[in-house]
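The numbers in UniProt numbering rise by one with no breaks, and the one at position 32 of the sequence shown is 32.
What follows is a set of notes on a single structure, which appears directly below.
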Amino acid sequence: DEVPKCEELQRGSRQFEVEDTTPSRCALSFRLLVVASLFRGKGLLQRHRLVNEALGEELGRIHALEQRTLTPEQWAAERSSAA
């Protein structure tokens with residue numbers, strides 16, 4: 001599998017949200033939600049590795065990164081159950 005760059009991951013995602021959580025922490029921190037078909041058939045660790053690899057060098061500057069990585073089907077099920 002080819003590792004997507006961050007911009008490619010963002011363009012290929014149905015939902016891509018970044019929240020800066022630095023103000024409530026001691027260092028550069030973010031909460032990330034990525035919904036992408038790229039995650040189909042991949043476990044949680046594989047999904048997080050794809051995101052980490054897409055972030056590349058930027059990851060080295062981040063102290064904490066919370067990730068939610070979902071397939072479009074998981075996202076739709078989550079949204080329908082919340083309604």
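Just so you know, even glycine gets a beta-carbon here, dropped at the ideal spot from N, CA and C.
Residue i and residue j closer than 8 Å at C-beta
i: Q16; j: L65; result: According to the sequence displayed, residue 16 carries Phe and not Gln. It is not a contact, given that the beta carbons lie outside the stated cut-off.
i: L38; j: L50; result: yes
i: V35; j: L70; result: yes
i: Q67; j: L45; result: no
i: G43; j: C6; result: no
Local Cβ density within 10 Å of residue i, reported as buried at 16 or more and exposed below that
i: A76; result: exposed
i: S80; result: exposed
i: A82; result: exposed
i: R25; result: exposed
i: R40; result: exposed
Cut-off 7 Å between Cβ atoms - residues of its own chain near residue i, not counting five sequence neighbours on either side
i: R61; result: L28
i: residue 97; result: The requested residue 97 does not occur in the structure, where the chain is confined to residues 1 to 83.
Residue(s) in a DSSP beta bridge with residue i
i: R31; result: E19 and E66
i: residue 86; result: Not covered by the structure: residue 86. The range shown for the chain is 1 to 83.
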